[in-house]
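Its first residue numbered 38, the sequence shown is counted upward by one per residue in the numbering used here.
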Amino acid sequence: MQMKATWNQNQKMNPPEKPPDDSLPMDKAAIQVLYDRLRKKTLILRLVIYILPLVLLSVYFHFQFTITLTESSKSHLKSIAESQRNTIDLFLQERVVNLKNLLESPKFFIPASDETMQKSLEKLKQDSPTFVDVGLFDEKGIHLAYAGPFSFLKNKDYSKEPWFISLMQGSKKYIISDIYLGFRRKPHFTLAVTQEVNGGKWVLRATVDPIRFADFIHTLENTGDVFTFIVNTVGKYQSVPSSLGTILGSSPYLPKNEPTLGAQELSHNNVTYLSAYSWLHEVNWCLVVLQPLKIAYATMYRTRFIIIALFLVFFIVIVAVISFTTTRFIGLLEKNDIAKYDLQRQLFHAAKLASVGELAAGIAHEINNPLAIIGEEAGLLKDMLDPQLYTKEITPEEYNKHLDIILNAVFRCRDITGKLLGFVRKDEVKLQSEDINKILQEVIRMMQNEFMISNIKVKTDFDENLPEVYTNRNQLQQVFINIINNAIAATASPGKIFFRTMMKGEFIGVAVTDTGCGMTPEQMEKIFFPFYTTKQVGKGTGLGLSVSYGIIKGMGGRIEVRSEVGRGSTFEILLPFKRKS
Numbered sequence: 038m039q040m041k042a043t044w045n046q047n048q049k050m051n052p053p054e055k056p057p058d059d060s061l062p063m064d065k066a067a068i069q070v071l072y073d074r075l076r077k078k079t080l081i082l083r084l085v086i087y088i089l090p091l092v093l094l095s096v097y098f099h100f101q102f103t104i105t106l107t108e109s110s111k112s113h114l115k116s117i118a119e120s121q122r123n124t125i126d127l128f129l130q131e132r133v134v135n136l137k138n139l140l141e142s143p144k145f146f147i148p149a150s151d152e153t154m155q156k157s158l159e160k161l162k163q164d165s166p167t168f169v170d171v172g173l174f175d176e177k178g179i180h181l182a183y184a185g186p187f188s189f190l191k192n193k194d195y196s197k198e199p200w201f202i203s204l205m206q207g208s209k210k211y212i213i214s215d216i217y218l219g220f221r222r223k224p225h226f227t228l229a230v231t232q233e234v235n236g237g238k239w240v241l242r243a244t245v246d247p248i249r250f251a252d253f254i255h256t257l258e259n260t261g262d263v264f265t266f267i268v269n270t271v272g273k274y275q276s277v278p279s280s281l282g283t284i285l286g287s288s289p290y291l292p293k294n295e296p297t298l299g300a301q302e303l304s305h306n307n308v309t310y311l312s313a314y315s316w317l318h319e320v321n322w323c324l325v326v327l328q329p330l331k332i333a334y335a336t337m338y339r340t341r342f343i344i345i346a347l348f349l350v351f352f353i354v355i356v357a358v359i360s361f362t363t364t365r366f367i368g369l370l371e372k373n374d375i376a377k378y379d380l381q382r383q384l385f386h387a388a389k390l391a392s393v394g395e396l397a398a399g400i401a402h403e404i405n406n407p408l409a410i411i412g413e414e415a416g417l418l419k420d421m422l423d424p425q426l427y428t429k430e431i432t433p434e435e436y437n438k439h440l441d442i443i444l445n446a447v448f449r450c451r452d453i454t455g456k457l458l459g460f461v462r463k464d465e466v467k468l469q470s471e472d473i474n475k476i477l478q479e480v481i482r483m484m485q486n487e488f489m490i491s492n493i494k495v496k497t498d499f500d501e502n503l504p505e506v507y508t509n510r511n512q513l514q515q516v517f518i519n520i521i522n523n524a525i526a527a528t529a530s531p532g533k534i535f536f537r538t539m540m541k542g543e544f545i546g547v548a549v550t551d552t553g554c555g556m557t558p559e560q561m562e563k564i565f566f567p568f569y570t571t572k573q574v575g576k577g578t579g580l581g582l583s584v585s586y587g588i589i590k591g592m593g594g595r596i597e598v599r600s601e602v603g604r605g606s607t608f609e610i611l612l613p614f615k616r617k618s
């Protein structure tokens, strides 16, 4: 039975236990860059999660308060307009009733004398100081009797005056006119009532002073923040504060006839107002109430300020808390990972030393050969210097020949020890482009003595067109040594180990196949766990494959294993050849 086990970031079999994540970060700078990015992403994400609801709620409540308070301000102003309209309607009704009572009084004789008219005017002024004069007209519109400051109006013909025509032709027995100039050439408006006496139709007319009428309206405003004006159906002012316009001037704003009560914003003289209007019942006039927007919406502005202030306070608090907790939490994670990095480096170094221990016999044998040569050549040179032992004349060329042999042996020892020191040196991990075939060949040469001692033949099949990989030479050497040591330990004498390099999709593959004893499924489930070993006690640490797994995973690769009991195992290392740091 043949089994295959693969551990990597994307593909894995289903072992009873998950192999530990021992991938080694490339260096401390990479850890810091990683956690700087993580810190920023986490901070942004947490700010969005916590602040977005706050922003949405603030915006929602802001709009709700704005709508509610705006409608409240409009309703308040409409109630003022409606109240003033009712008061003015009542005022005009009372003035009409004053005239009716006067005309229907038994003491008022028709045709009336000047004395009667004067007494009538006094009576009207007692009822309301807004009355200016009073006059009596026949059905032809002739002004027969008059009392007031404009005596020249007596005997004037009013038959063509609009108010007189409307009164005589209309169904109502009274009329209230718009403000006009008339014969007196001064702004005023007319109140007139009609009654039939002795078979004839008589009209009693009184005029109202618009200034006194405006004073009356001003008393209804109750506050200096509210302005009231009245316009007729064509937009002419019937009453207006001097700051807004003049009597009979044109208003820039003419409310709609329907609805008869409403509110809206408008601008006048570069000032924005909240306005409310209401059409009168007694006359076709529209009463308009204005209030500067900053006053009308003062409550709304105050509430908006409070909402914004609270939002800013909560925003600052949340940002401060999130920044502190995120920085502290990520800092602890970074500190733990740096500590883990240091521990892993120590563990990997220990694994290196363990590998060196397993190689010790082969290395000692390999160093012993050039040392033996040095010893023999040194002894020979010593004998050559002794005249009793060596009588033949020695030439410089012969001396140099023996010295060259010694130097070559020394250089060979230096090369062996240099590679050994380079392997076990605790250097900072750096990634660079490497030729994987050259690295594997160096390791095979380094372990040549081990193969000879164990009576193992080595066969290679290298793809010479492989691209370079972005890796760390020292760590990759350690992985190869760990896997080769396991292959040697599992292979009985005589045996074979095959090395093959190839392209495999976007990966470069290195396959190490032995003819050893193979592994059971139970063993394959645990081979990448730390301190797990099938070797005899004292023969292995159980760290080799665990460390190798972490190194290859840290480089973005994976290790695949195929094994069959009694027929050997294949370890296939796959590394990406386009990996970026």
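By construction, the Cβ of each residue, glycine as well, lies at the ideal position given by its N, Cα and C atoms.
Residue i versus residue j - alpha carbon distance
{"i": "Val230", "j": "Glu302", "result": "39 Å"}
{"i": "Asp58", "j": "Glu505", "result": "Note that Asp58 scores a pLDDT of 48, beneath 50, so its modelled location is shaky and nothing firm can be said."}
{"i": "Ile404", "j": "Gly581", "result": "25 Å"}
{"i": "Met561", "j": "Leu80", "result": "42 Å"}
{"i": "Thr518", "j": "Val480", "result": "According to the sequence shown, residue 518 is Ile rather than Thr. Straight-line Cα distance between these residues: approximately 7 Å."}
{"i": "Ser112", "j": "Ile216", "result": "30 Å"}
{"i": "Ile125", "j": "Leu139", "result": "21 Å"}
{"i": "Asn51", "j": "Glu501", "result": "With a pLDDT of only 35 at Asn51, under 50, the local geometry of the prediction cannot be trusted, and the value read off the model is given with reservation. Roughly 36 Å between the two C-alpha positions."}
{"i": "Phe220", "j": "Val320", "result": "22 Å"}
{"i": "Ile442", "j": "Ile411", "result": "8 Å"}
{"i": "Ala184", "j": "Thr167", "result": "15 Å"}
{"i": "Val96", "j": "Leu106", "result": "15 Å"}
{"i": "Lys162", "j": "Trp200", "result": "22 Å"}
{"i": "Val495", "j": "Gly593", "result": "29 Å"}
{"i": "Pro424", "j": "Thr454", "result": "37 Å"}
{"i": "Arg510", "j": "Ile355", "result": "48 Å"}
{"i": "Ser470", "j": "Tyr586", "result": "21 Å"}
{"i": "Leu380", "j": "Phe565", "result": "18 Å"}
{"i": "Thr283", "j": "Asn306", "result": "14 Å"}
{"i": "Arg122", "j": "Pro90", "result": "47 Å"}
{"i": "Met421", "j": "Ile589", "result": "56 Å"}
{"i": "Asp164", "j": "Thr309", "result": "39 Å"}
{"i": "Val547", "j": "Asn492", "result": "23 Å"}
{"i": "Ile534", "j": "Leu418", "result": "43 Å"}
{"i": "Gly178", "j": "His255", "result": "35 Å"}
{"i": "Met154", "j": "Lys160", "result": "10 Å"}
{"i": "Arg537", "j": "Ala446", "result": "32 Å"}
{"i": "Leu298", "j": "Ala313", "result": "7 Å"}
{"i": "Leu611", "j": "Leu75", "result": "28 Å"}
{"i": "Ile521", "j": "Leu440", "result": "37 Å"}
Local Cβ density within 10 Å of residue i, reported as buried at 16 or more and exposed below that
{"i": "Leu136", "result": "buried"}
{"i": "Gln515", "result": "buried"}
{"i": "Leu61", "result": "Because Leu61 carries a pLDDT of 46, less than 50, the predicted location of this residue cannot be relied on, and no value is offered for it."}
{"i": "Asp551", "result": "buried"}
{"i": "Ala346", "result": "exposed"}
{"i": "His225", "result": "buried"}
{"i": "Gly605", "result": "buried"}
{"i": "Pro292", "result": "buried"}
{"i": "Phe264", "result": "buried"}
{"i": "Arg482", "result": "exposed"}
{"i": "Ala409", "result": "exposed"}
{"i": "Lys273", "result": "buried"}
{"i": "Pro56", "result": "Reliability fails at Pro56, whose pLDDT of 46 lies under 50, so the model's placement of it is uncertain and no value is given."}
{"i": "Ala376", "result": "exposed"}
{"i": "Val277", "result": "buried"}
{"i": "Glu131", "result": "exposed"}
Beta bridge counterpart(s) of residue i as assigned by DSSP
{"i": "Val230", "result": "Tyr211 and Leu241"}
{"i": "Leu327", "result": "Phe264 and Ser312"}
{"i": "Val547", "result": "Thr538 and Ile610"}
{"i": "Ser491", "result": "The partner list for Ser491 (beta bridge, DSSP) is empty, contrary to what the question assumes."}
{"i": "Gln301", "result": "Ser312"}
{"i": "Val171", "result": "Ala184 and Ala243"}
{"i": "His225", "result": "Tyr217"}
{"i": "Asp194", "result": "Ile179"}
Integer-rounded CB distance, given that residue j should sit under 8 Å from residue i
{"i": "Ala118", "j": "Ser288", "result": "Contact flag wrong, Cβ pair sits at about 15 Å."}
{"i": "Gly555", "j": "Ala524", "result": "At roughly 11 Å, the Cβ-Cβ gap does not stay under 8 Å, so Gly555 and Ala524 are not in contact."}
{"i": "Leu324", "j": "Ile267", "result": "5 Å"}
{"i": "Asp262", "j": "Pro329", "result": "7 Å"}
The stretch 172 to 188 touching the stretch 228 to 248, judged by at least three CB pairs closer than 8 Å: The stretch 172 to 188, when compared against the stretch 228 to 248, does touch it at the 8 Å Cβ threshold.
Given 8 Å, three or more beta-carbon pairs between the stretch 361 to 372 and the stretch 63 to 74: Result yes; three or more Cβ-Cβ pairs closer than 8 Å.
The stretch 344 to 359 in contact with the stretch 81 to 100 per 3-pair CB rule at 8 Å: Because the criterion of three Cβ pairs below 8 Å is met, the stretch 344 to 359 and the stretch 81 to 100 touch.
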